[in-house]
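Numbering of the sequence shown is given in our numbering, commencing with residue 372 and proceeding in unit increments. Even for Gly, the Cβ is constructed at its ideal location relative to N, Cα and C.
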Amino acid sequence: MRVLPALLDIVAALPIRSCEDFDTVAALANYGVNASNFVTGGSRASIAGSPAENDLAARDENSGCKYACGTLSLLCHGNTAFPKSPAYHLEEAGFWSAVQAEVEPYCFFEPEDSVAVAVTILLSRLTKCPFAVKSGGHAAFANASNIGGGITINMAKMNEVKLSEDESVAKVGPGNTWYDVYTALEDRNLTVVGGRVADIGVGGLTLGGGVSFFSGLYGWACDNVKNYQVVTAQGAIIDVNHDSHFDDLLLRSSRRWEQLWSRMMWGGSRAYPINETDTILNALVDYAYDASSDPDAALIVAFTYAEQSGGYLIAADLEYAKPEANPPIFDAFHNASYTSDTTKIVSLPDLTLEFNSSNPGGLRETYWTATYRVDLDLLQYMVAEYQVQTNTILDVAGLGPSFVLQIITTDELKNMARNGGNPLGLSEEEGPLLLLNIAFWWNDAADDERVLQTCQTILDNTVTYAAERELA
Numbered sequence: 372m373r374v375l376p377a378l379l380d381i382v383a384a385l386p387i388r389s390c391e392d393f394d395t396v397a398a399l400a401n402y403g404v405n406a407s408n409f410v411t412g413g414s415r416a417s418i419a420g421s422p423a424e425n426d427l428a429a430r431d432e433n434s435g436c437k438y439a440c441g442t443l444s445l446l447c448h449g450n451t452a453f454p455k456s457p458a459y460h461l462e463e464a465g466f467w468s469a470v471q472a473e474v475e476p477y478c479f480f481e482p483e484d485s486v487a488v489a490v491t492i493l494l495s496r497l498t499k500c501p502f503a504v505k506s507g508g509h510a511a512f513a514n515a516s517n518i519g520g521g522i523t524i525n526m527a528k529m530n531e532v533k534l535s536e537d538e539s540v541a542k543v544g545p546g547n548t549w550y551d552v553y554t555a556l557e558d559r560n561l562t563v564v565g566g567r568v569a570d571i572g573v574g575g576l577t578l579g580g581g582v583s584f585f586s587g588l589y590g591w592a593c594d595n596v597k598n599y600q601v602v603t604a605q606g607a608i609i610d611v612n613h614d615s616h617f618d619d620l621l622l623r624s625s626r627r628w629e630q631l632w633s634r635m636m637w638g639g640s641r642a643y644p645i646n647e648t649d650t651i652l653n654a655l656v657d658y659a660y661d662a663s664s665d666p667d668a669a670l671i672v673a674f675t676y677a678e679q680s681g682g683y684l685i686a687a688d689l690e691y692a693k694p695e696a697n698p699p700i701f702d703a704f705h706n707a708s709y710t711s712d713t714t715k716i717v718s719l720p721d722l723t724l725e726f727n728s729s730n731p732g733g734l735r736e737t738y739w740t741a742t743y744r745v746d747l748d749l750l751q752y753m754v755a756e757y758q759v760q761t762n763t764i765l766d767v768a769g770l771g772p773s774f775v776l777q778i779i780t781t782d783e784l785k786n787m788a789r790n791g792g793n794p795l796g797l798s799e800e801e802g803p804l805l806l807l808n809i810a811f812w813w814n815d816a817a818d819d820e821r822v823l824q825t826c827q828t829i830l831d832n833t834v835t836y837a838a839e840r841e842l843a
């Protein structure tokens, strides 16, 4: 993989001051926005040098958000959506989880560049109108990337994918989904270390760590970012990279990734009957300790319930970074009795589309996670406990209860440190580790409490069991 340090111009260099003496109105004026009338009762700001318009409702408890959203509408006409408008309804439909989609912000705003992001942050600070930031909108829980009564900043228009002159680094805007990024780079036979589901956004996955099909080779997505362009709480637009030292709260507005050569790969999903549980769990443990022998491999094992398939079943997602079918590291999964198989030689973008189809949108969703040491007895207990607790809510309409197991391999942990370490704070000596994701979906809000309590019980019981055995 060829690497070249990324150089990124700073759009605006505002001095970073302490919160006590920071002048938000002056900072907005530096961007050409006159907000001085906010403290004197104006309804919204104006472009510097022009009078503020006063056509909004009288000030009340929502005046801060009225002012902020009204100002954004004035400054960036057509990029702000208000309740009951067609644009607002389209924005609501852009969230993967129904739990997120039902949250109602005062307005949606789609910035087109980092300056617009900075102005939005400063207006939020001035008016005390809360904000949330949406990249792909693929989080499960409410307020992850949407906020009631505030400003939801949708990064969709900041969707640049641009190569450096020598094609060693890609500049990627946070409004992209991973399918956007992979297809944009595919013609150049290049890719980046990123997400595994087509519709997941670049921003959320990267800031959350970002497991990749290539993590055994290169670590997680966050480990492969050369440079972040960020907006600070003071509205400054700066670069943050390995050579900078900045601990303040930052909003990422663009990223530069190291490139790697793309190629066809092998992957897909195999479904197994539940009576293969012991075989699959043994294979998972063997993989955990053998993965360092073949870092091209990636694996996800999920237990789920599907009434149309006759009950509980197992799905193993097997991926290999080379176009080689059935590599020996997956022999145990190949030799077990399976009922369906979609594995094939495939491109990375097409494989993310297959993953997308197993993550349907528009449903109520919840995610719960914990990390454990790898142990066969623990895994057997965890799967049994998942089934015992899930059996109590099988009457819930539209229930899709998945119990997803992944290994954080020693190679992944080693590669996490190669660029100076990442925020997870994990070391190679701790590996391999077992990562659990309890991922349930269902139809009706009336069932929220039962589903969430079931997930909580599964998590509590498995963590307690593991802790008693010094495996958590």
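If one requires a minimum length of 3 residues, the beta strand (DSSP E) runs lying completely within the region 520-603 are 522-525, 532-534, 540-543, 596-603, in chain order.
Under the DSSP assignment, residue 778 falls in the beta strand (DSSP E) whose first and last residues are 771-779. Counting only the Cα atoms, residue 731 lies some 27 Å from residue 521. Within its own chain, the residues whose Cβ lies closer than 6 Å to the Cβ of residue 564, once the five positions on either side in sequence are excluded, are 583, 585, 589, 592, 595, listed in chain order. When DSSP states are grouped into helix, strand and coil, residue 434 belongs to the helix group.
Around residue 785, the same chain offers 799 as residues with beta carbons nearer than 7 Å, after the five sequence neighbours per side are excluded.
Closest option to residue 716, judged by alpha-carbon separation, among 691, 743, 453, 566: 691. Proximity to residue 554 across 825, 719, 756 peaks at 719, based on C-alpha coordinates. Between residue 772 and residue 726, the C-beta spacing is not below 8 Å.
Going by beta carbons, residue 495 and residue 439 fall inside the 8 Å limit. Restricting attention to beta strand (DSSP E) runs no shorter than 3 residues, the region 665-737 encloses them at 668-677, 682-691, 715-717, ordered along the chain.
Residue 486 and residue 451 have their C-alpha atoms spaced approximately 16 Å apart. Where residue 495 is concerned, the enclosing alpha helix (DSSP H) starts and stops at 485-498. Excluding five sequence positions before and after residue 787, the CB atoms of its chain that fall closer than 6 Å to its own CB belong to 590, 594, 793, given in chain order. Contact between the region 532-541 and the region 500-520 is absent: fewer than three C-beta pairs spanning the two stretches fall below 8 Å. Between residue 643 and residue 708 a beta carbon distance of about 7 Å is seen, short of the 8 Å cut, so the two are scored as contacting. Boundaries around residue 636 are those of the beta strand (DSSP E), 636-644, since no alpha helix (DSSP H) includes it.
Counted as a single uninterrupted DSSP element, the beta strand (DSSP E) harbouring residue 804 occupies residues 804-813. Counting only residues of its own chain and dropping the five nearest sequence neighbours on each side, residue 581 has a CB closer than 8 Å to the CB of 564, 565, 566, 591, 592, 593. With contacts defined as CB atoms closer than 8 Å, residue 674 and residue 685 qualify as a contacting pair.
Residue environment analysis places residue 783 among the buried positions, since at least 16 neighbouring C-beta atoms fall within 10 angstroms of its C-beta. Contact between residue 526 and residue 545 holds: CB atoms are separated by about 4 Å, below the 8 Å threshold. Close CB contacts of residue 587 within its chain, under the 7 Å cut and outside five residues either way in sequence, are with 662, 666, 667, 668, 669, 780, 782, 783 (chain order). Look at residue 609 here: in three-state DSSP terms it is strand. Bridge partners of residue 743 according to DSSP: 805. Taking C-beta atoms under 8 Å as the contact rule, residue 723 and residue 550 qualify, at a distance of about 6 Å.
Residue 447 carries a coil assignment under DSSP once its states are collapsed to helix, strand and coil. Residues of the same chain with a CB within less than 7 Å of the CB of residue 824, apart from the 5 flanking positions on each side, do not exist. In the three-state reduction of the DSSP assignment, residue 506 falls in the coil class.
Residue range 478-480 is occupied by the beta strand (DSSP E) that includes residue 479. If you look at residue 659, you'll find it in the alpha helix (DSSP H) that goes 648-661. In the assembly as shown, residue 455 is an exposed residue. Its beta-carbon has fewer than 16 other beta-carbons within 10 Å. The closest CA to that of residue 790, considering only 562, 613, 443, 778, is found on 613. With fewer than 16 other Cβ atoms from the protein chains shown falling within 10 Å of its own Cβ, residue 679 counts as exposed. A distance below 7 Å between beta-carbons, with the five flanking residues on each side excluded, links residue 513 to the following residues of its chain, in chain order: 470, 471, 474. The three-state reading of DSSP puts residue 793 in coil, since its state is none of H, G, I, E or B.
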